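Asks: I'd like to ask you about the structure that follows.
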Amino acid sequence: AQSVTQLGSHVSVSEGALVLLRCNYSSSVPPYLFWYVQYPNQGLQLLLKYTSAATLVKGINGFEAEFKKSETSFHLTKPSAHMSDAAEYFCAVVQTDSWGKLQFGAGTQVVVTP
Amino acid sequence: DTEVTQTPKHLVMGMTNKKSLKCEQHMGHRAMYWYKQKAKKPPELMFVYSYEKLSINESVPSRFSPECPNSSLLNLHLHALQPEDSALYLCASSQVDRERGGEQFFGPGTRLTVL
């Protein structure tokens, strides 16, 4: 089964600094990968997705992620953090052997300091 | 309409109560999901409906009973819950078409507290 690992449960960044959230996947077949964001007391919102069309994926709110097969990674970046980026971020992979099952990483809490 | 709605937003119930959570989408999606999310944890899949039929049950206790009355609605019936069932319950929907990558759209959730 496919899985994802998020490195770092908490990340603190200064406003205006680079945001880098790490996600590594394990999959024997080309995966479908997602980054979701969850603001306090809200549901999950899709930031971006990789479905093999392009390795550099641009999402909403200035985020992007690069799929690197050689490193089995799908790291999320944003060049300049904004206070509104403070939230929980989840990397997820679709289980290809059981369609409909999203396997989430443990999540990374992002704190943005002025 | 690209929204998944859930009602109620908050629910407090006793261990002997019966209540229901409701989820609705009008995006034409034929797959709908229930997740349970505890604080500081990722969502855990509970049930998946595909074309209004239950396709995945992740060994959820029988005190949770899902229902999909039509392609737009998903209910979760609750009975004799335990305090440890207190959590955020999320509904999601998606296309069934594998070519679209299985992107799921989430609702805002129902915050459930069991006393």
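Protein chains in written order, with my numbering: chain A, 1 to 114; chain B, 115 to 229. By construction, the Cβ of each residue, glycine as well, lies at the ideal position given by its N, Cα and C atoms. Model, not experiment: these values are computed from the prediction.
#1: Applying a beta-carbon distance threshold of less than 7 angstroms, which residues of chain A neighbour residue 174/B?
#2: With a Cβ-Cβ cutoff of 8 angstroms, do residue 66/A and residue 48/A count as a contact?
#3: Given that residue 201/B touches chain A, what residues does it touch there, using C-beta distances under 9 angstroms?
#4: Would you mind working out which of 79/A, 88/A and 69/A sits nearest residue 55/A, comparing C-alpha positions?
#5: Assign residue 207/B to buried or exposed, taking buried as 16 or more other Cβ atoms, counted over all protein chains shown, within 10 Å of its Cβ.
#6: DSSP beta-bridge partners for residue 181/B?
#7: The segment 19-39 of chain A: which residues have C-beta closer than 8 angstroms to a C-beta of chain B, in chain order?
#8: Check whether the segment 132-145 of chain B and the segment 87-98 of chain A touch, using three or more Cβ-Cβ pairs below 8 angstroms as the test.
#9: One question on the structure: do residue 221/B and residue 107/A come within less than 8 angstroms of each other, judged by their Cβ atoms?
#10: Residues of chain A with CB closer than 8 angstroms to the CB of residue 159/B, please, in chain order.
Replies: The structure says:
#1: By one-based count along the second sequence, residue 174/B stands at place 60. Within 7 angstroms Cβ-Cβ: nothing; residue 174/B doesn't reach chain A, min ~14 angstroms.
#2: By 1-based counting over the first sequence, the position of residue 66/A is 66. By 1-based counting over the first sequence, the position of residue 48/A is 48. No, Cβ-Cβ distance for residue 66/A and residue 48/A is not below 8 angstroms.
#3: On the second sequence, position 87 is the one that residue 201/B refers to. Within chain A, no residue comes near residue 201/B; the closest Cβ sits about 13 angstroms away, beyond 9 angstroms.
#4: Counted from its first residue, the first sequence places residue 55/A at position 55. Cα-wise, what sits closest to residue 55/A is 69/A.
#5: Start at 1 with the first residue of the second sequence, and residue 207/B comes out as number 93. Around the CB of residue 207/B, 16 or more other CB atoms lie within 10 Å, so the residue is classed as buried.
#6: What you label residue 181/B is simply residue 67 of the second sequence in a count that begins at 1. The partner list for residue 181/B (beta bridge, DSSP) reads 189/B.
#7: Those residues of the segment 19-39 of chain A that come within reach of chain B (Cβ to Cβ, closer than 8 angstroms) are 32, 34 and 36.
#8: At 8 angstroms Cβ cutoff, the stretches do not touch.
#9: As a first step, residue 221/B must be located in the second sequence, where it is residue number 107. As a first step, residue 107/A must be located in the first sequence, where it is residue number 107. No, these two residues do not count as a Cβ contact at 8 angstroms.
#10: Locating residue 159/B in the second sequence gives position 45, counting from the first residue. Chain A residues near residue 159/B: 101 and 102.
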